[in-house]
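Asker: Provided herewith is a single structure, encoded as structure tokens, for subsequent inquiry.
Protein chains: 2
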Amino acid sequence: MKYNPITKDILEELVEILGAKNVIVDEEKMENYSHDETSEEYAHMPEVVITPKSADQISKVMKLANKHLVPVTPRGAGSGLSGGAIPVFGGILLSIEKMNRVLEVDYDNMMIVVEPGLVTNEINGIVDEKGLFYAGYPMSLLTCYIGGNIAENAGGGKAIKYGVTGRYVMGLEVVTPTGEIVEMGGKNIKDVTGYDLKRLMIGSEGTLGVITKAIIKLSPKPKFATDLLVLFNDAESAIRMVPKIISEGRIVPTSIEFMDKLSVHTTCDYLNEHLPYQKAGSMLLIEVDGTVEENVNLDAETIGELCLENNAIEVYVADNYTTQERVWSVRRNIAEAFMVYSPEQSLEDIVVPIANIAKLMPEIEKISKKYDIKMPSYGHAGDGNLHTTLVKNPNTTIEEWHEIEEKALQELYNIVYELGGKLSGEHGIGLKRKKYMKDYVSEAEIMLMKKIKKAFDPNNIMNPGKIID
Amino acid sequence: MKYNPITKDILEELVEILGAKNVIVDEEKMENYSHDETSEEYAHMPEVVITPKSADQISKVMKLANKHLVPVTPRGAGSGLSGGAIPVFGGILLSIEKMNRVLEVDYDNMMIVVEPGLVTNEINGIVDEKGLFYAGYPMSLLTCYIGGNIAENAGGGKAIKYGVTGRYVMGLEVVTPTGEIVEMGGKNIKDVTGYDLKRLMIGSEGTLGVITKAIIKLSPKPKFATDLLVLFNDAESAIRMVPKIISEGRIVPTSIEFMDKLSVHTTCDYLNEHLPYQKAGSMLLIEVDGTVEENVNLDAETIGELCLENNAIEVYVADNYTTQERVWSVRRNIAEAFMVYSPEQSLEDIVVPIANIAKLMPEIEKISKKYDIKMPSYGHAGDGNLHTTLVKNPNTTIEEWHEIEEKALQELYNIVYELGGKLSGEHGIGLKRKKYMKDYVSEAEIMLMKKIKKAFDPNNIMNPGKIID
Chain A
17 MKYNPITKDI LEELVEILGA KNVIVDEEKM ENYSHDETSE EYAHMPEVVI TPKSADQISK
77 VMKLANKHLV PVTPRGAGSG LSGGAIPVFG GILLSIEKMN RVLEVDYDNM MIVVEPGLVT
137 NEINGIVDEK GLFYAGYPMS LLTCYIGGNI AENAGGGKAI KYGVTGRYVM GLEVVTPTGE
197 IVEMGGKNIK DVTGYDLKRL MIGSEGTLGV ITKAIIKLSP KPKFATDLLV LFNDAESAIR
257 MVPKIISEGR IVPTSIEFMD KLSVHTTCDY LNEHLPYQKA GSMLLIEVDG TVEENVNLDA
317 ETIGELCLEN NAIEVYVADN YTTQERVWSV RRNIAEAFMV YSPEQSLEDI VVPIANIAKL
377 MPEIEKISKK YDIKMPSYGH AGDGNLHTTL VKNPNTTIEE WHEIEEKALQ ELYNIVYELG
437 GKLSGEHGIG LKRKKYMKDY VSEAEIMLMK KIKKAFDPNN IMNPGKIID
Chain B
17 MKYNPITKDI LEELVEILGA KNVIVDEEKM ENYSHDETSE EYAHMPEVVI TPKSADQISK
77 VMKLANKHLV PVTPRGAGSG LSGGAIPVFG GILLSIEKMN RVLEVDYDNM MIVVEPGLVT
137 NEINGIVDEK GLFYAGYPMS LLTCYIGGNI AENAGGGKAI KYGVTGRYVM GLEVVTPTGE
197 IVEMGGKNIK DVTGYDLKRL MIGSEGTLGV ITKAIIKLSP KPKFATDLLV LFNDAESAIR
257 MVPKIISEGR IVPTSIEFMD KLSVHTTCDY LNEHLPYQKA GSMLLIEVDG TVEENVNLDA
317 ETIGELCLEN NAIEVYVADN YTTQERVWSV RRNIAEAFMV YSPEQSLEDI VVPIANIAKL
377 MPEIEKISKK YDIKMPSYGH AGDGNLHTTL VKNPNTTIEE WHEIEEKALQ ELYNIVYELG
437 GKLSGEHGIG LKRKKYMKDY VSEAEIMLMK KIKKAFDPNN IMNPGKIID
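As structure tokens, then:
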């Protein structure tokens with residue numbers, strides 16, 4: 017695919033559509049838009065950054081881009097972890113940062129209508145007074161945008177009970193790659209009026225259109241929560257608890273987070289935190305929530321007992337905010353803690369059927385030994401979704417590391433697929449994992465994806481170079 | 017679109033692929049496959065009925081059908097309510113009735129792998145012993161097939177708490193219109209590895225492929241349930257309770273079913289049932305369920321009190337199986353009861369934002385008076401999804417009725433769309449509602465649907481004549 021450069025004429029047309037202050041060509045200002053939270057090696061400069069304020073403006077931009085064959089890359093908060101918002105072919109970087117209004121709070125339907133550039137957690141700030149909350153829970157909810165969450169179908173730490181972003185998106189307004197403004201879905205709880213275009217948009221990583229408005233479902237906010245920190249001798253015993261809690265305990269917890277020995281030790285050292293971790297070969301962090309305090313306590317008790325009957329060494333209860341924060345802070349600081357060891361990392365997002373995490377763990381250890389790298393594993397055990405991270409050994413050179421990273425990743429993915437897993441549970445394919453698609457996703461499936469892409473975006477100008485080629 | 021007839025040669029090829037006993041051309045035997053549960057006026061005979069037993073056979077059939085340009089219409093149990101399985105262009109009727117095996121019960125992952133021809137409720141029969149259940153709940157679950165549920169994204173009476181079919185479909189095996197066998201999704205709770213093809217298949221009414229296998233998620237079965245029968249003076253008071261229960265009560269009930277005065281009276285008379293209905297202008301049937309009995313009782317109590325504070329005349333509690341069955345049997349027999357009055361009916365499936373049902377009710381009454389027909393409304397108030405039914409006045413002729421039906425429906429849909437609603441909440445567009453798509457769905461949206469259809473089915477042979485032309 018050959019794209020045309022952004023000419024002076026195109027810039028003038030952009031200024032006409034958007035106004036001069038929404039068209040940025042200053043190199044220094046554009047630098048921030050050249051990368052997301054993935055490694056710097058994926059960075060690429062745009063030719064121009066635009067900050068539109070309406071679907072109408074975006075529609076005009078898309079028509080212009082089609083006419084001149086220039087690529088358009090939509091971008092949220094830049095908190096992505098797969099390079100999805102990186103303008104690999106230059107062209108126009110379309111930042112939704114100025115489209116951050118709350119358009120309607122509809123308590124009668126328990127929905128909120130927002131623009132895509134709203135910081136996700138702001139929804140909670142608004143609806144909290146009515147005892148409601150947004151049940152999507154990406155770990156970066158204090159900084160990420162709801163539009164980015166939808167484009168990536170973001171997951172997070174509460175998906176086992178509440179599901180991921182897509183469950184709460186009732187309606188979308190989308191500008192298609194050819195510039196049409198399309199409403200999909202609405203405020204209806206059920207809707208089977210034709211193909212589910214909205215669901216196709218969710219998780220399509222900005223390759224099928226720009227989300228310009230979203231109708232989000234709210235849920236009654238649970239009044240009480242309790243966390244259990246459960247210590248096990250080994251990873252397998254911890255992992256085996258996940259289906260037991262749900263089927264034997266008949267409880268769907270809010271979270272079941274897993275941390276292996278390496279993650280816990282390194283992070284506790286980093287935080288100077290003295291959790292009772294010395295004995296632990298692995299840990300589960302289990303949260304239950306609900307509206308009735310006794311019921312939440314009963315659930316926590318049932319789970320604690322079940323764990324103790326099944327090889328847990330110890331169960332600690334965190335039923336107040338301070339202790340809960342201490343425990344969760346360990347979970348949240350794992351990536352940070354390993355940065356001290358080496359900033360050269362590859363944060364993965366593998367997912368396997370929950371029952372297979374136990375089989376995955378020893379294989380990860382083998383790879384780690386073979387290549388002499390650290391590979392902490394932690395994350396959403398309740399969803400089979402682990403953020404196994406490859407961390408460079410400080411004794412190797414950057415060149416050696418890149419070679420090791422590639423080989424180790426391939427071996428990791430091989431095992432994940434043998435176990436029925438997938439490349440990405442919540443971060444997306446984007447730029448970073450695109451090259452692995454052909455090895456792990458069937459040709460027939462890729463062919464259907466390509467046909468859909470072509471149907472929506474005949475000139476391949478919308479976020480090109482992502483997911484598939 | 018011109019299709020070719022089924023020739024002797026094609027029949028021979030079908031026999032070669034499927035074996036003689038899986039290729040039916042007997043007119044009498046084929047009659048049963050010419051209609052579903054919609055009115056007889058939509059019926060159409062197939063040229064041949066086939067009963068394949070594997071994805072492989074279906075793949076060969078699709079390749080054959082493409083070569084000869086003959087239409088293929090997939091069919092589940094024939095319990096559809098929109099004519100989706102009717103072979104309007106003749107050709108091959110592909111019945112999945114012989115693909116009804118349970119392929120795997122995976123308790124460790126709490127999933128079951130089934131063929132599409134399995135009767136939905138059989139899943140519950142199998143997994144009940146482990147305290148699990150399938151949380152999809154179409155009202156016809158004792159007779160419908162899981163494959164049909166997926167193709168229609170079937171809803172039902174428990175969607176307010178548990179969501180609809182799509183939430184529980186983890187993976188699909190699909191034979192595409194061009195004969196490729198494609199696996200979509202898998203046993204992973206989270207998965208953002210490329211476009212969500214599985215979600216696009218769900219609810220596509222058999223127009224994008226034949227489902228040949230499904231991985232279904234199981235849930236812990238609630239141990240206790242209580243039903244409340246709540247009487248109101250008018251429909252508006254009843255409807256206004258729905259958001260109140262969820263936001264003020266912070267309870268998401270299992271069901272909130274609504275029955276208007278006409279539905280309750282006619283059905284109670286039909287069943288010779290003496291529910292305390294005389295005073296009621298409308299009724300809500302509210303179910304709550306859970307694992308802890310006291311909690312279920314507390315929820316029921318909270319809801320009951322909230323209703324009494326908000327204009328309910330009376331609240332009856334049905335906390336045992338016999339009383340629950342009595343109450344639900346009224347709800348289930350409404351359609352049947354009106355059959356006595358007239359078998360000429362149009363069962364609709366409109367959906368509006370829940371807060372707008374109250375505005376919809378008086379409009380329905382106006383249409384009913386204007387055309388002198390009965391229009392009982394009942395259904396899933398918790399989802400804004402009402403089965404408003406147009407019932408012919410026995411004093412009019414069939415010709416007059418068809419004219420009235422068309423006009424009244426158009427007026428009904430006009431109001432539904434003015435209120436932000438949609439043509440179908442759970443029954444699908446199929447054949448019956450296709451003609452209304454162009455009036456109510458935007459051109460841009462229809463264009464995207466057409467492009468997707470074309471991408472999957474270039475020769476338009478897979479269930480043609482449904483959803484869009």
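Protein chains in written order, with my numbering: chain A, 17 to 485; chain B, 17 to 485. Where is the CB? At the ideal position from N, CA and C, for every residue including glycine.
Determine, for residue 370 (chain B), whether the minimum Cβ-Cβ distance to residues of chain A falls below 9 Å.
Answerer: Yes, contact with chain A.
Asker: How many angstroms separate the CA atom of residue 141 (chain A) from the CA atom of residue 322 (chain A)?
Answerer: If you take the alpha carbons of residue 141 (chain A) and residue 322 (chain A), they lie about 36 Å apart.
Asker: Does residue 212 (chain A) have its Cβ less than 9 Å from a Cβ in chain B?
Answerer: Answer yes: the Cβ-Cβ gap between residue 212 (chain A) and chain B drops below 9 Å somewhere.
Asker: For the region 234-246 of chain B, which residues have a CB atom closer than 9 Å to at least one CB atom of chain A, in sequence order?
Answerer: Answer set for the region 234-246 of chain B: 234, 235, 236, 237, 238 and 239.
Asker: Cβ closer than 7 Å: which chain A residues qualify as neighbours of residue 453 (chain B)?
Answerer: Here the neighbours are 210.
Asker: Grab the span of the beta strand (DSSP E) containing residue 259 (chain A) for me, first residue to last.
Answerer: Residue 259 (chain A) -> not in any beta strand (DSSP E); alpha helix (DSSP H) instead, spanning 251-263.
Asker: Considering only residues of the same chain and omitting the five flanking positions on each side of residue 29 (chain A), which have a CB-CB separation below 7 Å?
Answerer: Here the set comprises 80.
Asker: Pop quiz: residue 313 (chain B) and residue 242 (chain B) are said to be a contact at Cβ under 8 Å. What is the actual Cβ separation, rounded to whole angstroms?
Answerer: Contact flag correct, Cβ pair sits at about 7 Å.
Asker: Determine, for residue 463 (chain B), whether the minimum Cβ-Cβ distance to residues of chain A falls below 9 Å.
Answerer: Taking Cβ atoms only, chain A reaches closer than 9 Å to residue 463 (chain B), which makes this a yes.
Asker: Would you kindly report the start and end of the unbroken beta strand (DSSP E) that includes residue 274 (chain B)?
Answerer: Where residue 274 (chain B) is concerned, the enclosing beta strand (DSSP E) stretches over 271-276.
Asker: Spell out the partners DSSP gives residue 401 (chain B) in its beta bridges.
Answerer: DSSP lists B:367 and B:396 as partners of residue 401 (chain B).
Asker: Distance, Cα to Cα, residue 442 (chain B) vs residue 207 (chain A)?
Answerer: Computed Cα separation, rounded: 6 Å.
Asker: From residue 336 (chain B) to residue 302 (chain B), what distance separates their C-alpha atoms?
Answerer: For residue 336 (chain B) and residue 302 (chain B), the distance between alpha carbons rounds to 14 Å.
Asker: When the cut-off is 9 Å and only beta carbons count, does residue 148 (chain A) lie next to chain E?
Answerer: Of the protein chains in this structure, namely A and B, none is chain E.
Asker: At the 9 Å Cβ level, is residue 403 (chain B) part of the contact set with chain A, yes or no?
Answerer: With 9 Å as the cut-off, residue 403 (chain B) does not count as an interface residue toward chain A.
Asker: Per DSSP, what kind of secondary structure is residue 46 (chain B) in: helix, strand or coil?
Answerer: Note: residue 46 (chain B) maps to helix in three-state DSSP.
Asker: Closer than 8 Å is the cut-off here; do at least three beta carbon pairs connect the region 409-425 of chain A with the region 173-191 of chain A?
Answerer: Cβ pair count under 8 Å is below three, so no.
Asker: Let me know the secondary structure DSSP gives residue 105 (chain B) once reduced to three states.
Answerer: Reduced to three states, the DSSP call for residue 105 (chain B) is coil.
Asker: Could you spell out the range, first to last residue, of the alpha helix (DSSP H) harbouring residue 348 (chain B)?
Answerer: 337-348 is the extent of the alpha helix (DSSP H) around residue 348 (chain B).
Asker: Just the chain B side, please: which residues come within less than 8 Å of residue 199 (chain A) by C-beta, in chain order?
Answerer: Within 8 Å Cβ-Cβ: 458 and 461.
Asker: Can a CB atom of chain A be found closer than 9 Å to the CB of residue 440 (chain B)?
Answerer: It does: the Cβ of residue 440 (chain B) has a partner Cβ on chain A nearer than 9 Å.
Asker: Using only CA atoms, which one of A:309, A:318 and A:218 lies nearest to residue 267 (chain A)?
Answerer: Nearest C-alpha to residue 267 (chain A): A:318.
Asker: Does the Cβ of residue 448 (chain B) have 16 or more other Cβ atoms within 10 Å, making it buried, or fewer, making it exposed?
Answerer: By the 10 Å Cβ count, residue 448 (chain B) comes out buried.
Asker: Which first and last residues belong to the alpha helix (DSSP H) in which residue 449 (chain A) is found?
Answerer: Run containing residue 449 (chain A): none; DSSP gives neither H nor E here.
Asker: With distance defined between alpha-carbon atoms, name the residue in A:466, A:129 and A:24 nearest to residue 201 (chain A).
Answerer: Out of A:466, A:129 and A:24, A:129 has the C-alpha closest to the C-alpha of residue 201 (chain A).
Asker: Pick from A:353, A:210 and A:160: whose alpha carbon is nearest that of residue 459 (chain B)?
Answerer: Out of A:353, A:210 and A:160, A:210 has the C-alpha closest to the C-alpha of residue 459 (chain B).
Asker: In terms of residues, what are the limits of the alpha helix (DSSP H) holding residue 318 (chain A)?
Answerer: From DSSP, the alpha helix (DSSP H) with residue 318 (chain A) extends over 309-325.
Asker: Identify the continuous beta strand (DSSP E) that holds residue 90 (chain B) and give its terminal residues.
Answerer: Run containing residue 90 (chain B): 88-91, per the beta strand (DSSP E) assignment.
Asker: Less than 9 Å between the beta carbons of residue 391 (chain B) and residue 380 (chain B), yes or no?
Answerer: Yes, the pair counts as a contact, with Cβ atoms nearer than the cut-off.
Asker: Hey, does residue 189 (chain A) have any beta-carbon neighbour from chain B nearer than 9 Å?
Answerer: With 9 Å as the cut-off, residue 189 (chain A) does not count as an interface residue toward chain B.
Asker: Spatial neighbours of residue 73 (chain A) within its chain, please: C-beta separation below 7 Å, excluding the five flanking residues on both sides.
Answerer: Here the set comprises 33 and 34.
Asker: Mind reading off the beta-carbon distance from residue 367 (chain B) to residue 444 (chain B)? Whole number of angstroms is fine, and I expect it under 8 Å.
Answerer: In fact, because the Cβ distance is near 12 Å, the residues do not count as touching under 8 Å.
Asker: Any idea what DSSP makes of residue 33 (chain B), helix, strand or coil?
Answerer: Three-state DSSP puts residue 33 (chain B) in a helix.
Asker: In three-state DSSP terms, what is residue 332 (chain B)?
Answerer: In this structure, residue 332 (chain B) counts as strand in the three-state DSSP scheme.
Asker: Pick from B:415, B:417 and B:403: whose alpha carbon is nearest that of residue 429 (chain B)?
Answerer: Comparing Cα-Cα distances from residue 429 (chain B) to each of B:415, B:417 and B:403, the minimum goes to B:403.
Asker: Among residues of its own chain, excluding the 5 on either side of residue 389 (chain A), which ones have a beta-carbon nearer than 7 Å to its beta-carbon?
Answerer: Closer than 7 Å at Cβ, skipping near neighbours: 406, 407, 408, 409, 420 and 424.
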